[in-house]
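Enquirer:
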Amino acid sequence: MGKKVLAVLTGKSEATIRAVGGSGDWAIRPSSVRDLEYVVCVRHANPPYDPGPGARPEQHGEAFLVGKVVDLKFSYHHNGRDRFVVMCSEMASVSGVKDFWDGSRVPTRYMDEDEARRRGIDFDELDFKPITHEEGQDDLEGEGGSSIPTSATARHEVASSVGVMPLTILAAKKGLAANFHVPIEDIEIIIRG
Numbered sequence: 417m418g419k420k421v422l423a424v425l426t427g428k429s430e431a432t433i434r435a436v437g438g439s440g441d442w443a444i445r446p447s448s449v450r451d452l453e454y455v456v457c458v459r460h461a462n463p464p465y466d467p468g469p470g471a472r473p474e475q476h477g478e479a480f481l482v483g484k485v486v487d488l489k490f491s492y493h494h495n496g497r498d499r500f501v502v503m504c505s506e507m508a509s510v511s512g513v514k515d516f517w518d519g520s521r522v523p524t525r526y527m528d529e530d531e532a533r534r535r536g537i538d539f540d541e542l543d544f545k546p547i548t549h550e551e552g553q554d555d556l557e558g559e560g561g562s563s564i565p566t567s568a569t570a571r572h573e574v575a576s577s578v579g580v581m582p583l584t585i586l587a588a589k590k591g592l593a594a595n596f597h598v599p600i601e602d603i604e605i606i607i608r609g
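In structure tokens:
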């Protein structure tokens with residue numbers, strides 16, 4: 417059996433996934449991802465909500481991004497289940513891998529490297545690039561139209577002035593929900609300007 421692969425059906429853009437440094441927020445058990453080598457992001461063209469900005473040119477079921485898995489990070493608790501982000505050290509864009517998804521209604525699917533290869537992904541041929549904190553930020557905007565600084569210098573200046581990195585409303589809600597062990601829907605943020 418080859419290396420362990422997790423395929424995820426996601427509505428998030430490549431820019432968003434790269435900016436986060438991984439794919440989430442998945443209701444998976446940490447024990448089930450032990451020895452996980454890769455995550456394959458597959459386009460969900462009709463998600464019930466659009467989790468963030470960024471282009472989504474792929475067809476439904478088409479693989480578009482592969483990450484080398486390094487960690488699983490708790491994201492938040494919702495409907496009695498913990499959700500996690502599958503964190504990556506490197507990512508590679510893929511194109512032309514149509515019909516990678518098998519039609520399963522569950523958005524996460526485990527397979528081995530051989531099955532992923534039969535579906536069209538040759539991990540040895542991918543051009544993996546290290547993930548950087550700045551990656552993908554140029555295409556992102558926070559909720560309410562407030563944009564995230566697009567350069568590392570601008571983000572550093574904002575961070576230095578307030579002592580923390582800028583967040584989107586969604587990221588802040590997720591963090592607060594995780595900290596207080598409440599559903600994300602129970603978090604309200606009011607900004608008075």
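The sequence shown begins at 417 in this note's numbering and counts up by one.
Backbone N, C-alpha and C fix where the C-beta goes; we use that ideal spot for every residue, glycine too.
Given the structure is predicted, the values throughout are model-derived calculations rather than measurements.
1. Could I get the ranges of all uninterrupted alpha helix (DSSP H) runs contained in the stretch 441-508, with 4 residues as the minimum, in chain order?
2. Taking contact to mean 3 or more Cβ pairs, one atom from each stretch, closer than 8 Å, check whether the stretch 535-542 and the stretch 474-482 are in contact.
3. Quick test of your reading: Ile444 and Thr524, contact by CB under 8 Å. State the CB separation rounded to the nearest angstrom.
4. Between the stretch 511-525 and the stretch 446-460, can you find at least three pairs of beta-carbon atoms closer than 8 Å?
5. With distances taken between CB atoms, is the gap from Val501 to Ser509 smaller than 9 Å?
6. Which residues does DSSP list as the beta-bridge partners of Lys545?
7. Any idea what DSSP makes of Arg525, helix, strand or coil?
8. Using the beta-carbon count (16 or more within 10 Å), is Gly437 buried or exposed?
9. Tell me, please, which residues DSSP counts as bridged to Asp438.
10. So, are the CB atoms of Ala593 and Ile603 less than 9 Å apart?
11. So, helix, strand or coil for Gly591, using DSSP?
12. Is it right to say Arg434 is buried, meaning 16 or more other beta carbons lie within 10 angstroms of its own, or is it exposed?
13. State the Cα-Cα distance for the pair Lys419 and Asp441, rounded to the nearest angstrom.
Expert: Well, looking at it:
1. none
2. yes
3. 6 Å
4. yes
5. no
6. Met507
7. strand
8. buried
9. As written in the sequence, residue 438 is Gly, which differs from the Asp given in the question. DSSP output for Gly438 lists Met503 as bridge partner(s).
10. yes
11. helix
12. buried
13. 23 Å
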